[in-house]
Amino acid sequence: MKAQMEFAFLLLLPLVKVECSVDPKPLGPNQVPATSIAAPSAPRPKESTSSSIVLSFDRSTEDKLHDFNYYAKKFRRNQARHPDAKGVLCDTSAAVCRMEGLQSNTAYKFVVKACATKPSELCSLNSPESVVMYTKPETPDAPTVKESTSNSITVAYTKYPTQANLAVSVRASPVGGEAGETREAACNNEEATCHLSGLEANRAYSVSLKACTTDPTPHCSQWSESTTMYTRPNPPDAPTVKESTSNSITVTYTKKLSLANLVMSVRASPVGGKGGETREVACNNEETTCHLSGLEANRAYAVSLRACTSNRFEKRCSQWSDNTTMFTTPNRPAAPTMTESTSKSITVTYTGKPSLADLAMYVRASPVGGEAGETREFPCNNAKATCHLSGLEANRAYAVSLRACSTKRYEQRCSQWSDNTTMFTT
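According to mature numbering (1 follows the signal peptide of the UniProt record, and there is no 0), the residues represented by the sequence shown are -20 to -1, 1 to 406, in order.
Right, dumping it as structure tokens:
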């Protein structure tokens, strides 16, 4: 009976709600709460520029419908991470993250996390850290031409402080016409110049630069904008003398196929003795000859050729060819005058100009009219300015003239014969 009364009493008491809570144990480094999303794998490098890096990642295993949002965070290598740093929203459909506004030539690491969309908006922990990724060095400015030859181009560039410890290289690719070989060479970053050799003559090239780190695994900038540069035409062969007078030289040259559409010019510079004027004239490329006038008599000249393109706005010329030493002849003497004649000889005199002082003078007598006869030629006495012709026919008219020659037998150069003077034997 007593037990029945105690049970009835309990039924009359009010209902009381009792709650118990237990402090959870701290999560380990690789543990996640039961209500969170599995973290994505570490992001991987896809591509980079001097100011951006594109990452690729694998979606969370719980992202069945590919409708999670993914966020990437950056931090410098050897720099403490800021867990509250704002993340960059990634392209979920492509599974890539584009991190922009980065410093050039800098090392970064990245993490990615996944977040479910509303209503839960739960997020995963950060992914494992990526490998170290680098932005590229800044792209150099386009180069400028410093010098060119028929087979090389030397370029210069602006070296900025950020490029001081980088290795700069140059690339030249043929433009237009037949395909050709692309050449690449290292630059001299101390002097901010690059030299490309082994190029084709008279050809346009697209020339650009890139800068690379000197690490064992270098990373390089993008190639700079291109500058069109030209090699020069091949230098012609040295000219050969065709004809000379006391004030002119006519030269000829070998016309190669590579010279067919070029404009040829010739240059003559005085050699030795007192200074003189250098003369330069255009050649006749059809006839492969060049005529130099207005030169000094009895003078040595260094004569050379060059070839130029015919476009006056982009005129490019070869180097001057090797020189050929050529000579003008002595001035032509004045006609002689007779001083004496016999039945078989004639003696003449002439005006001894200073220009004739170091020359050898010669006299020539050719029979005039009637039967043909022998032409006689004799040296003159230049000290006395007289010449003596012997062995002539009696009572005969002769056309008598003079010429002057250099005294070097290996380089003997003679003037033209003077005007004739008609003289008679007795």
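We put the beta carbon where it would ideally sit given N, CA and C, even for glycine.
Determine the DSSP secondary structure at residue i, reduced to helix, strand or coil.
| i | result |
| --- | --- |
| arginine 279 | coil |
| alanine 51 | Residue identity check: residue 51 is tyrosine in the sequence provided, not alanine. Reduced to three states, the DSSP call for tyrosine 51 is strand. |
| tyrosine 390 | helix |
| glutamate 42 | coil |
| glycine 383 | Sequence check: residue 383 is arginine here, not glycine. Strand. |
| leucine 237 | helix |
| serine 1 | Note that serine 1 has pLDDT 28, beneath the 50 cutoff, so the model's placement of it is unreliable and no number is given. |
| leucine -10 | Because leucine -10 carries a pLDDT of 35, less than 50, the predicted location of this residue cannot be relied on, and no value is offered for it. |
| arginine 78 | strand |
| residue 421 | Coverage of the chain is limited to positions -20 through 406, which leaves residue 421 absent and any answer about it impossible. |
| proline 313 | coil |
| arginine 376 | coil |
| threonine 142 | helix |
| glycine 8 | Low per-residue confidence applies at glycine 8: pLDDT is 40, beneath 50, and the placement is therefore not dependable, though the value from the model is reported in the following sentence. Reduced to three states, the DSSP call for glycine 8 is coil. |
Using the C-alpha atoms, what's the distance from residue j back to residue i?
| i | j | result |
| --- | --- | --- |
| alanine 262 | alanine 377 | 47 Å |
| lysine 333 | proline 313 | 9 Å |
| glutamate 170 | threonine 162 | 25 Å |
| valine 135 | serine 84 | 25 Å |
| threonine 289 | asparagine 264 | 15 Å |
| isoleucine 133 | alanine 340 | 52 Å |
| glycine 353 | valine 251 | 43 Å |
| valine 283 | glutamate 260 | 10 Å |
| arginine 383 | serine 335 | 13 Å |
| histidine 199 | arginine 296 | 38 Å |
| valine 155 | leucine 146 | 28 Å |
| cysteine 394 | serine 298 | 35 Å |
| alanine 144 | valine 112 | 23 Å |
| proline 108 | lysine 139 | 39 Å |
| serine 206 | arginine 286 | 29 Å |
Among the candidates the options, whose CA atom is the shortest distance from the CA of residue i?
| i | options | result |
| --- | --- | --- |
| glutamate 266 | Glu294, Lys254, Lys235 and Ala19 | Lys235 |
| threonine 119 | Ser30, Ala345, Glu276 and Ser153 | Ser30 |
| alanine 152 | Trp203, Ser386 and Thr138 | Trp203 |
| threonine 327 | Phe293, Thr405 and Thr355 | Thr405 |
| glutamate 257 | Gly274, Cys270, Ser32 and Phe358 | Gly274 |
| tyrosine 114 | Arg344, Gly252 and Phe55 | Phe55 |
| alanine 75 | Tyr210, Lys53, Ser40 and Glu320 | Ser40 |
| lysine 131 | Ala184, Met79 and Val231 | Correcting the residue type first, residue 131 is asparagine in the shown sequence and not lysine. Of the candidates Ala184, Met79 and Val231, the one whose C-alpha sits nearest the C-alpha of asparagine 131 is Ala184. |
| leucine 369 | Thr207, Lys116 and Glu357 | Glu357 |
| alanine 165 | Thr142, Tyr140, Val155 and Leu189 | Leu189 |
| cysteine 95 | Leu176, Ser298 and Phe48 | Phe48 |
| leucine 105 | Tyr51, Cys70, Val148 and Lys116 | Tyr51 |
| asparagine 168 | Thr142, Ala159, Ser177 and Val150 | Val150 |
| residue 427 | Thr225, Tyr88, Gly81 and Val231 | Past the boundaries of the shown model lies residue 427; the chain is included only from -20 to 406, so the question cannot be answered. |
| alanine 18 | Ser238, Cys77 and Val92 | Val92 |
Go ahead and label residue i buried or exposed: buried means 16 or more other beta carbons lie within 10 angstroms of its beta carbon, across all protein chains shown.
| i | result |
| --- | --- |
| asparagine 212 | It should be noted that the sequence gives arginine, not asparagine, for residue 212. By the 10 Å Cβ count, arginine 212 comes out buried. |
| tyrosine 390 | exposed |
| serine 323 | exposed |
| aspartate 43 | buried |
| leucine 242 | buried |
Residue i lies in the beta strand (DSSP E); which residues open and close that run?
| i | result |
| --- | --- |
| serine 100 | First-last for serine 100: undefined, no H or E at that position. |
| serine 36 | 32 to 36 |
| serine 201 | Careful: serine 201 lies outside any beta strand (DSSP E) and carries neither H nor E. |
| isoleucine 17 | No beta strand (DSSP E) contains isoleucine 17, which DSSP labels as neither H nor E. |
| serine 107 | No beta strand (DSSP E) contains serine 107, which DSSP labels as neither H nor E. |
| proline 25 | 24 to 28 |
| cysteine 297 | Counting along the chain, cysteine 297 falls outside any beta strand (DSSP E), and DSSP gives it neither H nor E. |
| serine 177 | 173 to 177 |
| asparagine 168 | 163 to 168 |
| arginine 344 | 340 to 347 |
| phenylalanine 358 | 356 to 359 |
| cysteine 95 | 87 to 95 |
| arginine 259 | 259 to 262 |
| lysine 333 | Here lysine 333 belongs to no beta strand (DSSP E), and DSSP marks it neither H nor E. |
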